[in-house]
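FYI, in mature numbering (1 follows the signal peptide of the UniProt record, and there is no 0) the residues of the sequence shown are -19 to -1, 1 to 251. Structure first, commentary second.
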Amino acid sequence: MSRLLTAIIFLLGISSVYAAKVDTVEVYSASMKKKVKTVVVSPEKGTPKATLYLLHGYSGNYGNWVNKTPQIKNWVDQNEYLIVCPDGGYDSWYWDIEGTGDRYETFVSKELVSYIEQQYGAPADRTKRGITGLSMGGHGALYLAIRHQDVFANAGSTSGGVDIRPFPNNWSIKKRIGEYHDNQTAWNEHTVIELIHQIRPGNLKLFIDCGTEDFFFGVNNALHEKLTYMNVAHDYLTMPGKHDWNYWSKSIDFQMAFFNQCFQEKPAAK
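Given below as structure tokens:
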């Protein structure tokens, strides 16, 4: 993690040259037939060099990240990439679920990406797209990245609910995919830890972190061990912390540093 730490120290040690712009826009979702509020943090000058989609957690909303961790504007200032924070609903888990009207997988991975690149001039290049988030959003980011590797090349999670099965009665999950004991196949298909076999070799750069006092710490360790066993390259960081904004206000700097490094890497010579 030394390169990440160096990047963070460098950023925090210099002042911003430009003030990042923060827009709240309403993006129409044809799949859900409604407008979805989205915060877009963009550099004041120049064309964005990349885009990071940043997802909120259960019961959160589109404004959480920019209000709780204002330092993300510094990353935009210094590194000239967009940060996009869509509203993912109170408890959508960023799934497309028949019968609920929710199509947040489709919205984020297709409709929102198209809107951002048309309206903000962000590069239409999977290597310049990243996605991460916290808790439900950490699960959502990895879930979407794995299922849409043609869209995203870089993905992360902080305090992510990366295996939902140990929590069969929590966070409205059973309302969406049924009771666990009657619908184990659906639960397996909607949990990140059971999808990693779909990652094509070398196709996703991954960064996962979790606080050691977090109730999701065990499932994040299990994901790390399974990724290691399956020889899927990834970075994994643990730090003291609970499932709260005290932790996320620190972990987001490591996440931002990771994605900035990904965006700056040049394609390998063919």
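C-beta: ideal position from N, C-alpha, C; glycine also.
Just grab the DSSP bridge partners of residue i for me.
i, result
"V65", "V21 and Y34"
"D139", "Sequence check: residue 139 is Thr here, not Asp. Per DSSP, L115 and D190."
"M220", "G192"
"E175", "DSSP lists no partner for E175."
"S230", "In the DSSP output, where bridge partners are listed per residue, S230 has none listed."
"T5", "V20"
"D106", "The partner list for D106 (beta bridge, DSSP) is empty, contrary to what the question assumes."
"R84", "D77"
"S12", "DSSP, once it has assigned bridges, lists no residue as partnering S12."
What whole-angstrom Cβ distance do residue i and residue j have, given they're in contact under 8 angstroms?
i, j, result
"P123", "V173", "Checking the sequence, you will find Leu at residue 123 rather than Pro. With 8 angstroms as the limit, L123 and V173 qualify as a contact, their Cβ atoms being about 5 angstroms apart."
"N60", "N241", "5 angstroms"
"S23", "A(-1)", "Rounded, the Cβ-Cβ distance is 11 angstroms, inconsistent with contact."
"Y39", "T19", "Contact flag wrong, Cβ pair sits at about 18 angstroms."
"A134", "T113", "That belief does not hold up - the Cβ atoms of A134 and T113 are roughly 13 angstroms apart, past 8 angstroms."
"I78", "R146", "The Cβ separation is near 17 angstroms, so there is no contact."
Considering only residues of the same chain and omitting the five flanking positions on each side of residue i, which have a CB-CB separation below 7 angstroms?
i, result
"Y75", "L36, G69, Y85, E86, V89, G121, Y124 and L125"
"F198", "C191 and G192"
"W46", "L35, H37, I53 and C66"
"V6", "T19 and V21"
"E131", "A quick correction: the sequence has Asp, not Glu, at residue 131. Here the set comprises R107."
"Y96", "V8"
"W168", "I145, R146, I158 and Y161"
"G102", "T28 and P29"
Comparing the C-beta of residue i with each C-beta of chain D, is any distance below 7 angstroms?
i, result
"G142", "The displayed structure is made up of one protein chain only, and chain D is not part of it."
Please determine, among the options, the residue with the shortest C-alpha to C-alpha distance to residue i.
i, options, result
"H224", "D195, F239 and Q245", "D195"
"V200", "S116, R181 and H162", "S116"
"K207", "I177, T139 and G222", "I177"
"D72", "L63, T50 and G41", "G41"
"I180", "R128, T81 and N169", "R128"
"R110", "E175, G159, Q99 and I64", "I64"
"L187", "E175, H162, F239 and G159", "F239"
"Q99", "T28, A167 and K14", "T28"
"G80", "Y101, M13 and G102", "M13"
"H205", "Y96, N150 and G141", "G141"
"K15", "N164, D83 and P51", "D83"
"residue 257", "V57, C243, S153 and Y62", "Because the chain here runs from -19 to 251, residue 257 falls outside it and cannot be looked at."
"T219", "M211, P149, A203 and N212", "A203"
"P51", "E246, K247 and D234", "D234"
Give me, in chain order, the residues of the same chain whose beta-carbon lies closer than 6 angstroms to that of residue i; leave out the 5 immediate sequence neighbours on both sides.
i, result
"S232", "T139 and D190"
"S10", "V17, F88 and E92"
"Y228", "G192 and G222"
"D144", "T172, I174 and V200"
"A31", "Y62, K109 and F244"
"K49", "W226"
Whose C-beta lies closer than 8 angstroms to the C-beta of residue i among residues of the same chain, with five residues either side of it excluded?
i, result
"Q236", "T113, G137, T139, F188 and D190"
"F148", "G142 and I154"
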